[in-house]
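*Asks:*
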Amino acid sequence: MSEHVRVLLSEEMVDARIQAIGEQISRDYAGKQVHLICVLKGGSFFMCELAKRITVPVSLDFMSVSSYGSDTKSSGVVKIVKDLDESLKDKHVIVVEDIVDSGRTLSYLLEMLQDRGPASLRLCTLLDKPDRRVKEVFVDYTGFEIPDQFVVGYGLDYNQRYRNLPYIGVVEFD
-12 MSEHVRVLLS EEMVDARIQA IGEQISRDYA GKQVHLICVL KGGSFFMCEL AKRITVPVSL
48 DFMSVSSYGS DTKSSGVVKI VKDLDESLKD KHVIVVEDIV DSGRTLSYLL EMLQDRGPAS
108 LRLCTLLDKP DRRVKEVFVD YTGFEIPDQF VVGYGLDYNQ RYRNLPYIGV VEFD
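Quick note, the sequence shown lines up with residues -12 to 161 if you use the numbering used here.
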């Protein structure tokens, strides 16, 4: 079976939306510092671009949490591969994700992070697939709501490929 990638959201559309989210976060956190937590690996592309567009002070940390393995659907088993390096106590935390799909991983992650005492905890995602939701998760900042298709690019991968595409594409199998 072979696959190809069809453009869903152009590089220009993604760039413009990230700019708008950065401006919104800057307004919401005026006079404060935000602590961005990137969910690796996919979230790294989005977080780097987002951080450049936030005008309030920003600090960064990284986590690796997985529920996919090498499949195109969430396995439902959440595994923390890399935990945070810094305390969240009294920080204004924004978890930055590439995509919210089933909600299983984010539901678990947000509950765990809330227990670490942040001043506030919000979720920012580049892509949201509400049709796939199994666990309800409130997303504070959403780039795009997309249909239930397997997407790649801008950090999202299929078997570690296509992360470097500057747009969001749909993987189609022949």
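Heads up, the beta-carbon is just placed ideally off N, CA and C, and yes, glycines get one too.
Small disclaimer: the values here were computed from a predicted structure and weren't measured.
#1: Note down the Cα distance separating Glu159 from Val(-6), rounded to an integer number of angstroms.
#2: Kindly indicate which three-state DSSP category Arg148 falls into: helix, strand or coil?
#3: Mapping DSSP to helix, strand and coil, what is Thr42?
#4: Whose C-beta lies closer than 8 Å to the C-beta of Thr59 among residues of the same chain, with five residues either side of it excluded?
#5: Specify the secondary structure class of Arg91 as computed by DSSP and reduced to three states.
#6: Taking 8 Å as the threshold, find out whether the segment 146 to 153 comes into contact with the segment 12 to 21 through three or more Cβ pairs.
#7: To the nearest angstrom, report how far apart Asp161 and Leu143 are at their CA atoms.
*Replies:* On the basis of the data shown:
#1: 11 Å
#2: strand
#3: coil
#4: A caution first: Thr59 carries a pLDDT of 48, below 50, which makes its placement in the model unreliable, though a value can still be read off. Cβ neighbours of Thr59 beyond the five flanking positions: Phe137, Tyr145 and Val158.
#5: helix
#6: no
#7: 20 Å
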